[in-house]
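Working notes for the structure below.
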Amino acid sequence: MAFIPHTPEDVEAMLATIGVADIERLFEEIPASLRIRSLEGIPSQLSEMEIGRLMSERARTDGRPLCFIGAGAYEHHIPSAVWALATRGEFYSSYTPYQAEASQGTLQLIYEFQTMMASLTGLEVSNASLYDGASAVAEASLMAVRAHRKSQSRRILVLGTVHPHYREVAAAVAGNQDLQFEAVAYSSAHGTVSPQTLASYEGQDITAIVIQQPNFFGRLEDVDALTDWAHARSILVIAVVNPISLALLKPPGEWGAKGADIAVGEGQPLGVPLSSGGPYLGFMTTRMELVRQMPGRIVGRTLDLAGQPGFTLTLQAREQHIRRAKATSNICTNQGLLMTAATIYMSLMGSEGLERVASSCLARTRELVSALTRIEGVRAAFEGPYFHECVLSLDRPVAAVLEALAKRGVQGGLDLSGYYPGLGPALLVCATETKTSADIDAYANALTSILRSAPGATAERQGAAAGA
Amino acid sequence: MSQLPPDLRYTKTHEWLRTLPDGRVEIGITDHAQQSLGDLVFVEVPEPGKSLKEGDACGVVESVKAASDVYAPIECTVTEGNSQLTSAPEAVNNDPYGAGWLMRVRPASATAVDGLMSAADYDKFVQSEST
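These protein sequence lines are chains A and B, in that order.
Heads up: the first sequence is residues 1 to 468, going by the working numbering.
Heads up: the second sequence is residues 1001 to 1131, going by the working numbering.
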């Protein structure tokens, strides 16, 4: 099927109507230096049959490993109904409500999504979704700067335990708008940020603080104390949360005495497959008083002229099709299809279902950690509670161990040495409800034989790795 | 026809300025501006103490169809924003030169206002803009 449905005659008729000789003339205002003439490195087209075959071959090379990697993207069971419904034409092809008021079904779905996210995070208002968790952190930081009109510094404190990719993306997106992101040191004994650490920022002009719960290491931060510290100094609190964990943990709206001001996160755990890293969806919720600074679309429920309930896009005056460069965001979207899947997933699970998934993740991860730390040369890196991820310290460099595990069909976790060299050989592992006791045994057995077959590292080698 | 009080000064970005007895200057948007925007649903005014250079965006007036910046017509320091507008933005529509004022400022130069347009000049400017 041709992507552009116009025939050459259609195009000619349209050009004649507007009095333009050829299509190229319409792009004249783009300077020649910015135009790309050819797409180097992009091969020419393949037929559907050829592409199908190529992709199946590529997929086969991945195999079907047991995945114990989390670190921001999580393998959860997705009920078949989720994508069977999400890919129905009514949802799938009406992707975004261009003619908003004629798309009542899509608007209602977005409204339901917003309602569920607001309820899950304990805040008053949600937008219709964002690109992903990382860009949601960037958007929340920009939003905090707009909303906090007394703070002039544009300084954002980001706990060192926030996902490293989220920190990089926030700096890449918002750094060019003069926001400064500063990492707050974490305790290497606990894998969390002690509220006492913040004393060094006393008396400084800080716009907002970003706190992830559970943090990147899976550990639980003292969110109440951190939030209260920030609010006592008029610093806005941005919470980064995993939606599944909220079935068990206190929602951001209840952190400390006042609750976090903005909550964001990655919605992938809600019915979206891993798919090699995307597309995913970000979410954002906030207090009503900050709603005008919130980026993205918001769907509202209203009454029509006949007094019947209906749905409408609201607060559009701040969006980029109206406000252009002054819009609350110029890079955000409503991730329509993924949001549809997330909404269906949450409706199917209900609060009880989500709680069972979360409890099961916690139980499986405890089982995994206890099985792995029984192995000589493996210990938990941090003391204290975690949710469904945990950092393990190994007695030798992690990369080679992971490679050996992969050969045995186990994706054993994420090697943290590139992200947190100070931790030494550290491995972030995760088990969701998809892992059985047999899977966990398979991992433990594989790791045991790998660590046994080669000699463990000496203290000197460990020191060298930690210092690298 | 929009009203144009003769004792005020006006700008090309549709703000008006009134010099108060204590030397401060009150700033709002013109009747013409509020009519073009339509019913306002939200007004954002600057914080007291904020220093502004001429042309700085310092507030936002938002209607159901558009959100427009308000620009500082002169170099000044904000002494007061009209906090009543937070709960009653419609004051800008109903009384643009009175209760709908946006901010009061201390000008950097006492004569800064004199260089701006008179009511007659602004009227001509609006006519020329609409043709």
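Just so you know, even glycine gets a beta-carbon here, dropped at the ideal spot from N, CA and C.
When you compare only the Cα positions, how much space is there between Val137 (chain A) and Ala406 (chain A)? As a first step, residue 137 (chain A) must be located in the first sequence, where it is residue number 137. As a first step, residue 406 (chain A) must be located in the first sequence, where it is residue number 406. If I take the Cα positions, the gap works out to 32 Å.
Please report how far the alpha carbon of Thr1111 (chain B) lies from the alpha carbon of Leu337 (chain A), in whole angstroms. On the second sequence, residue 1111 (chain B) is found 111 positions in, with the first residue counted as 1. On the first sequence, residue 337 (chain A) is found 337 positions in, with the first residue counted as 1. Spanning the two alpha carbons is a distance of roughly 59 Å.
Hey, would you say Ser1051 (chain B) sits closer than 8 Å to Thr1011 (chain B), going by beta carbons? Position 51 of the second sequence holds residue 1051 (chain B). Position 11 of the second sequence holds residue 1011 (chain B). No, the pair does not count as a contact, with Cβ atoms beyond the cut-off.
What are the boundary residues of the beta strand (DSSP E) that Met346 (chain A) is part of? Residue 346 (chain A) sits at position 346 when you count from the first residue of the first sequence. Going by DSSP, Met346 (chain A) is part of no beta strand (DSSP E) but of the alpha helix (DSSP H) stretching over Gly336 to Thr373.
Just the C-alpha distance for Arg1009 (chain B) and Phe1125 (chain B), rounded to the nearest angstrom, thanks. Taking the second sequence and counting its residues from 1, one reaches residue 1009 (chain B) at position 9. Taking the second sequence and counting its residues from 1, one reaches residue 1125 (chain B) at position 125. The alpha-carbon atoms of Arg1009 (chain B) and Phe1125 (chain B) are separated by roughly 13 Å.
I believe Leu414 (chain A) touches Leu428 (chain A) by the beta-carbon criterion, under 8 Å. Please report the beta-carbon distance rounded to the nearest angstrom. Here residue 414 (chain A) refers to the residue found at position 414 of the first sequence. Here residue 428 (chain A) refers to the residue found at position 428 of the first sequence. Correct: roughly 4 Å between the Cβ atoms.
What separation, rounded to the nearest whole angstrom, lies between the Cα atoms of Gly1100 (chain B) and Ala1091 (chain B)? In the second sequence, residue 1100 (chain B) corresponds to position 100, counting from 1. In the second sequence, residue 1091 (chain B) corresponds to position 91, counting from 1. Roughly 5 Å separates the two Cα atoms.
Report the three-state DSSP secondary structure of Phe387 (chain A) (helix, strand or coil). As a working note, residue 387 (chain A) is residue 387 in the first sequence. The answer is coil: DSSP assigns Phe387 (chain A) none of H, G, I, E or B.
Residues bridged to Arg1009 (chain B) [DSSP beta-bridge criterion]: Looking up residue 1009 (chain B) in the second sequence gives position 9. Arg1009 (chain B) pairs with B:Leu1017.
Rounded separation between Ala381 (chain A) and Cys430 (chain A) - CA only: For the purposes of this step, residue 381 (chain A) is identified with residue 381 of the first sequence, where counting begins at 1. For the purposes of this step, residue 430 (chain A) is identified with residue 430 of the first sequence, where counting begins at 1. Distance between the alpha carbons of Ala381 (chain A) and Cys430 (chain A) is about 14 Å.
Under 8 Å: do the region 149-167 of chain A and the region 298-313 of chain A share three or more Cβ pairs, one atom per stretch? The region 149-167 of chain A is not in contact with the region 298-313 of chain A.
Supposed close pair Gly1081 (chain B), Pro1046 (chain B) - CB separation, criterion 8 Å: Along the second sequence, read from residue 1 onward, the residue named residue 1081 (chain B) stands at position 81. Along the second sequence, read from residue 1 onward, the residue named residue 1046 (chain B) stands at position 46. Rounded to whole angstroms, the Cβ separation of Gly1081 (chain B) and Pro1046 (chain B) is 5 Å, and the two are in contact under 8 Å.
List the DSSP bridge partners of Pro1107 (chain B). Looking up residue 1107 (chain B) in the second sequence gives position 107. Bridge pairing for Pro1107 (chain B): B:Cys1076 [DSSP].
Could you check how far apart the C-beta atoms of Thr286 (chain A) and Asp261 (chain A) are, in whole angstroms? I think they sit under 8 Å. Stepping through the first sequence from its first residue, residue 286 (chain A) is reached at position 286. Stepping through the first sequence from its first residue, residue 261 (chain A) is reached at position 261. Their Cβ separation, rounded to whole angstroms, is 7 Å, which keeps Thr286 (chain A) and Asp261 (chain A) in contact under 8 Å.
Going by C-alpha to C-alpha distance, which of A:Arg64, A:Pro65 and A:Ala247 sits closest to Glu355 (chain A)? In the first sequence, the residue the question calls residue 355 (chain A) occupies position 355. Nearest of A:Arg64, A:Pro65 and A:Ala247 to Glu355 (chain A), Cα basis: A:Ala247.
Could you tell me which of A:Asp178, A:Phe311 and A:His231 sits nearest to Glu112 (chain A), measuring between CA atoms? Taking the first residue of the first sequence as position 1, residue 112 (chain A) is located at position 112. Measuring C-alpha to C-alpha distances from Glu112 (chain A) to each of A:Asp178, A:Phe311 and A:His231 identifies A:Phe311 as the nearest.
Using a Cβ cut-off of 8 Å (strictly closer), state whether Ile322 (chain A) contacts chain B. As a working note, residue 322 (chain A) is residue 322 in the first sequence. Chain B has a Cβ within less than 8 Å of the Cβ of Ile322 (chain A).
Which residues does DSSP list as the beta-bridge partners of Glu266 (chain A)? Along the first sequence, read from residue 1 onward, the residue named residue 266 (chain A) stands at position 266. When DSSP reads this structure, Glu266 (chain A) sits in a beta bridge with A:Gly282.
In chain B, what lies closer than 9 Å to Arg374 (chain A) by C-beta? The count along the first sequence starts at 1 and reaches residue 374 (chain A) at position 374. None at all; the shortest Cβ gap to chain B is about 59 Å.
When you compare only the Cα positions, how much space is there between Ala342 (chain A) and Gly271 (chain A)? Taking the first sequence and counting its residues from 1, one reaches residue 342 (chain A) at position 342. Taking the first sequence and counting its residues from 1, one reaches residue 271 (chain A) at position 271. Linking Ala342 (chain A) to Gly271 (chain A) through their CA atoms gives a straight-line distance of about 5 Å.
Give me the Cα-Cα distance between Ile235 (chain A) and Ala208 (chain A), rounded to the nearest whole angstrom. Here residue 235 (chain A) is taken as the residue at index 235 of the first sequence, counted from 1. Here residue 208 (chain A) is taken as the residue at index 208 of the first sequence, counted from 1. Spanning the two alpha carbons is a distance of roughly 5 Å.
Based on Cα-Cα distance, which residue from A:Cys332, A:Phe217, A:Pro31 and A:Ala73 lies nearest to Pro385 (chain A)? Here residue 385 (chain A) refers to the residue found at position 385 of the first sequence. Measuring C-alpha to C-alpha distances from Pro385 (chain A) to each of A:Cys332, A:Phe217, A:Pro31 and A:Ala73 identifies A:Phe217 as the nearest.
Between the region 66-74 of chain A and the region 437-449 of chain A, do three or more beta carbon pairs fall short of 8 Å? With the cut-off at 8 Å, the region 66-74 of chain A and the region 437-449 of chain A touch.
Report back the beta-carbon spacing between Glu1015 (chain B) and Phe1042 (chain B) to the nearest angstrom; my notes put them in contact at under 8 Å. On the second sequence, residue 1015 (chain B) is found 15 positions in, with the first residue counted as 1. On the second sequence, residue 1042 (chain B) is found 42 positions in, with the first residue counted as 1. No, Glu1015 (chain B) and Phe1042 (chain B) are not in contact; Cβ-Cβ is about 18 Å, not under 8 Å.
Give the residues of chain A in contact with Val1064 (chain B), contact being defined as C-beta atoms less than 9 Å apart. By one-based count along the second sequence, residue 1064 (chain B) stands at place 64. Listed along chain A are Gln316 and Ala317, each with a C-beta nearer than 9 Å to that of Val1064 (chain B).
Determine the contact status of Ile1029 (chain B) and Leu1102 (chain B), defining contact as a CB-CB distance below 8 Å. In the second sequence, residue 1029 (chain B) corresponds to position 29, counting from 1. In the second sequence, residue 1102 (chain B) corresponds to position 102, counting from 1. Contact: yes.
8 Å Cβ cutoff, Arg233 (chain A) in contact with chain B: On the first sequence, residue 233 (chain A) is found 233 positions in, with the first residue counted as 1. For Arg233 (chain A), the answer is no, since every Cβ of chain B falls outside 8 Å of its Cβ.
Could you say which of A:Leu392, A:Arg408, A:Gly412 and A:Ala444 lies nearest to Ala426 (chain A) if we only look at CA atoms? On the first sequence, position 426 is the one that residue 426 (chain A) refers to. Out of A:Leu392, A:Arg408, A:Gly412 and A:Ala444, A:Leu392 has the C-alpha closest to the C-alpha of Ala426 (chain A).
For Ala1072 (chain B) and chain A, any beta-carbon pair shorter than 8 Å? Mapped onto the second sequence, residue 1072 (chain B) falls at position 72. Chain A, which has no Cβ nearer than 8 Å to the Cβ of Ala1072 (chain B), makes this no.
Is there a Cβ of chain C sitting closer than 8 Å to that of Glu1026 (chain B), yes or no? Within the model displayed, chain C is absent; protein chains A and B are what it includes.
Run down chain A in chain order and give the residues with a C-beta less than 8 Å from the C-beta of Asp1069 (chain B). Translated into positions along the second sequence, residue 1069 (chain B) becomes position 69. Annotation: Cβ neighbours of Asp1069 (chain B) in chain A (cutoff 8 Å, chain order): Lys326.
Determine whether the beta carbon atoms of Leu1085 (chain B) and Ala1066 (chain B) lie at a separation below 8 Å. The residue labelled residue 1085 (chain B) in the question sits at position 85 within the second sequence. The residue labelled residue 1066 (chain B) in the question sits at position 66 within the second sequence. No.
Chain B partners of Arg292 (chain A), CB-CB under 7 Å? Locating residue 292 (chain A) in the first sequence gives position 292, where the first residue counts as 1. In chain order, Phe1042 make up the part of chain B whose C-beta sits under 7 Å from the C-beta of Arg292 (chain A).
I think Gln470 (chain A) touches Leu34 (chain A), with their Cβ atoms under 8 Å apart; what is that distance to the nearest whole Å? For residue 470 (chain A) there is no data in the structure shown, the boundaries of chain A being 1 and 468.
Note down the Cα distance separating Ala134 (chain A) from Tyr420 (chain A), rounded to an integer number of angstroms. As a working note, residue 134 (chain A) is residue 134 in the first sequence. As a working note, residue 420 (chain A) is residue 420 in the first sequence. One Cα belongs to Ala134 (chain A), the other to Tyr420 (chain A), and the distance between them is close to 19 Å.
Just how far apart, CA to CA, sit Val398 (chain A) and Glu376 (chain A)? Residue 398 (chain A) sits at position 398 when you count from the first residue of the first sequence. Residue 376 (chain A) sits at position 376 when you count from the first residue of the first sequence. CA-CA distance, Val398 (chain A) to Glu376 (chain A), rounds to 15 Å.
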